[in-house]
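2 protein chains.
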Amino acid sequence: MKPSTSIQDYLKRIYELTENGQPASTNDLARELNVKPASVTGMIQKLAAEKPALVEYQKHQGVTLTAAGKRAALEVIRHHRLIETWLVQTLGYSWDEVHEEAERLEHVISEDFERRIAAALGHPLRDPHGELIPTADLKMPLDESTPLSALRKNQSGKILCIKSADADLLRHLNELGLTPNTSIEVVDYSPFDHNLTVTAGKRTSVLGLNITGRIFVEKK
Amino acid sequence: MKPSTSIQDYLKRIYELTENGQPASTNDLARELNVKPASVTGMIQKLAAEKPALVEYQKHQGVTLTAAGKRAALEVIRHHRLIETWLVQTLGYSWDEVHEEAERLEHVISEDFERRIAAALGHPLRDPHGELIPTADLKMPLDESTPLSALRKNQSGKILCIKSADADLLRHLNELGLTPNTSIEVVDYSPFDHNLTVTAGKRTSVLGLNITGRIFVEKK
DNA sequence: AAAATGATTTAGGTAAGACTAAATTTTACA
DNA sequence: TGTAAAATTTAGTCTTACCTAAATCATTTT
Ligand SMILES: [Mn+2]
Ligand SMILES: [Mn+2]
Ligand SMILES: [Mn+2]
Ligand SMILES: [Mn+2]
Chain A
40 MKPSTSIQDY
50 LKRIYELTEN
60 GQPASTNDLA
70 RELNVKPASV
80 TGMIQKLAAE
90 KPALVEYQKH
100 QGVTLTAAGK
110 RAALEVIRHH
120 RLIETWLVQT
130 LGYSWDEVHE
140 EAERLEHVIS
150 EDFERRIAAA
160 LGHPLRDPHG
170 ELIPTADLKM
180 PLDESTPLSA
190 LRKNQSGKIL
200 CIKSADADLL
210 RHLNELGLTP
220 NTSIEVVDYS
230 PFDHNLTVTA
240 GKRTSVLGLN
250 ITGRIFVEKK
Chain F
40 MKPSTSIQDY
50 LKRIYELTEN
60 GQPASTNDLA
70 RELNVKPASV
80 TGMIQKLAAE
90 KPALVEYQKH
100 QGVTLTAAGK
110 RAALEVIRHH
120 RLIETWLVQT
130 LGYSWDEVHE
140 EAERLEHVIS
150 EDFERRIAAA
160 LGHPLRDPHG
170 ELIPTADLKM
180 PLDESTPLSA
190 LRKNQSGKIL
200 CIKSADADLL
210 RHLNELGLTP
220 NTSIEVVDYS
230 PFDHNLTVTA
240 GKRTSVLGLN
250 ITGRIFVEKK
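Listed in order, the protein sequences are those of chains A and F. In my numbering, each residue carries its 1-based index in the first sequence increased by 39. In my numbering, each residue carries its 1-based index in the second sequence increased by 39.
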């Protein structure tokens, strides 16, 4: 049985929050899902009681995904990222407009629709933000990127991915020329505020940690 | 506030059932919506109590749409038919595959998405089944078609529209060459069973009322 | 006109998924 | 090591949209 829209969103957020290896906390999930912590506890208990269980859960210890939960999460993430790519390629959406639309479409498309857009797009590896698209058999490709915030003076790389759904930030980065596939060089580092001065194309920008932590690069 | 998926489906069905000028009955709605009559009564009472009311309702007398209800219904129908057209044009769906997918997508696309596919398709007037697409300002164009069942021996016309969501029937008609824009001639009429013998392209078929009542033509 | 039939409505429930308020557990730190 | 703060869970409600069973209404048939 296909999980409900709500459940799909919970699993997706749990996947994202546990990518660092730590269990996802009730509060973090509540914030990401725009829901109260009490509601999260209720849903988590339900997901843990499903057969097969979709999450591993111990009171007060946070949640992680089981194999079944991870599969369901990757299914939604694949939908989301293929749809974003599709909207940009065929309907002229810009990268700051696609997320909201994909957030709703991801839950209602058929597996047939998924196959058709994947084929029409030539089985893309990344979405418009550079995020990796899970494969058709629901494996997440290995992510070999480094956060820009880890680079120091005179190091350089190529932008692979912007990890943000904030439309304003995405528009801002677009204006600074900081988009996937752009080559970038760090020309200065300020140790106290962690600001990086970077050059991309002809432009030079000073970026705070809130930005450099969301830009992921392939180190040269 | 945008109506829920359920409400949108109710309004759409009420629109279809009242196209003949008669109010829609509780039982007919229940059948179309795959829901029990008691549930229909409950929902109808809710829709009549909305401000502004979406339906006009008197106990035991059936239900009709108010202006607000009709607008909401045409919005969903426009989505549905544009999506069907788009799936056929850009993803190679066949006309018997699109309905199910559109039935889910129609409720979640944005007005922006609607505008984009309408523009990308060149503002089409009809969907893949030949059904008229409501305009952007939510008017249903005048339907000047005649049911094939009203034609008699030696009369001819051009197929405008197939009014059916039955995938098997659509595939069958496809094989008989009975698709929109095809010219058709009635070569025989059997008064007792209302069968029509028709020629379309090189093929001749004998069609019962269940089919001829769903094929709509422009009389020559 | 009464009775039977069919359509519709009412009454009372269920399930999902949210919420608030109160209780409890964990963690932080004085 | 005890307390205060923060995080989490529990308990009890609410809304939406469905269900079944029983009651009522409307239409037909006798
Ligand atoms: Mn996104
Ligand atoms: Mn979503
Ligand atoms: Mn359709
Ligand atoms: Mn629908």
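Just so you know, even glycine gets a beta-carbon here, dropped at the ideal spot from N, CA and C.
Can you tell me which of the three DSSP states residue i falls into?
i	result
T251 (chain F)	helix
L50 (chain F)	helix
D166 (chain F)	coil
S78 (chain A)	helix
V37 (chain F)	With chain F represented from 40 up to 259, any question about residue 37 (chain F) goes unanswered, as that position is not in the structure.
I156 (chain F)	helix
T124 (chain F)	helix
A175 (chain A)	coil
S43 (chain A)	coil
E140 (chain A)	helix
Under 8 Å between C-beta atoms, does residue i make it to chain F?
i	result
T124 (chain A)	no
R143 (chain A)	yes
T129 (chain A)	yes
E58 (chain A)	no
E140 (chain A)	yes
Measuring only between beta-carbons, confirm whether residue i sits less than 8 Å from chain A.
i	result
L209 (chain F)	no
E114 (chain F)	no
Can you give the Cα-Cα distance for residue i and residue j, rounded to whole angstroms?
i	j	result
T174 (chain F)	R117 (chain F)	7 Å
V256 (chain F)	K41 (chain A)	41 Å
Y132 (chain F)	S184 (chain F)	26 Å
M179 (chain F)	L171 (chain F)	7 Å
K259 (chain A)	D182 (chain A)	16 Å
L126 (chain A)	I156 (chain A)	10 Å
S78 (chain A)	A69 (chain A)	8 Å
M82 (chain A)	I46 (chain A)	8 Å
L248 (chain A)	I198 (chain A)	16 Å
E214 (chain F)	E136 (chain F)	15 Å
G161 (chain A)	K192 (chain F)	52 Å
A141 (chain F)	D232 (chain F)	35 Å
L56 (chain A)	Q97 (chain F)	53 Å
E139 (chain A)	I201 (chain F)	35 Å
F152 (chain A)	Q128 (chain F)	14 Å
T80 (chain A)	A111 (chain F)	37 Å
Y54 (chain A)	A107 (chain A)	12 Å
K51 (chain A)	E71 (chain A)	10 Å
E95 (chain A)	A204 (chain A)	27 Å
T243 (chain F)	D227 (chain F)	10 Å
Query - the segment 148 to 161 of chain F: positions lying closer than 8 Å to chain A by Cβ - result: I148, S149, D151, F152, R155, I156 and A159
Requested in this report: Would you list, in sequence order, the uninterrupted alpha helix (DSSP H) runs of no fewer than 4 residues that lie entirely inside the segment 56 to 122 of chain F?
Outcome: 65 to 72 and 76 to 88
Requested in this report: Please go through the segment 182 to 234 of chain A and give each complete alpha helix (DSSP H) segment of 4 or more residues, from N-terminal end onward.
Outcome: 206 to 214
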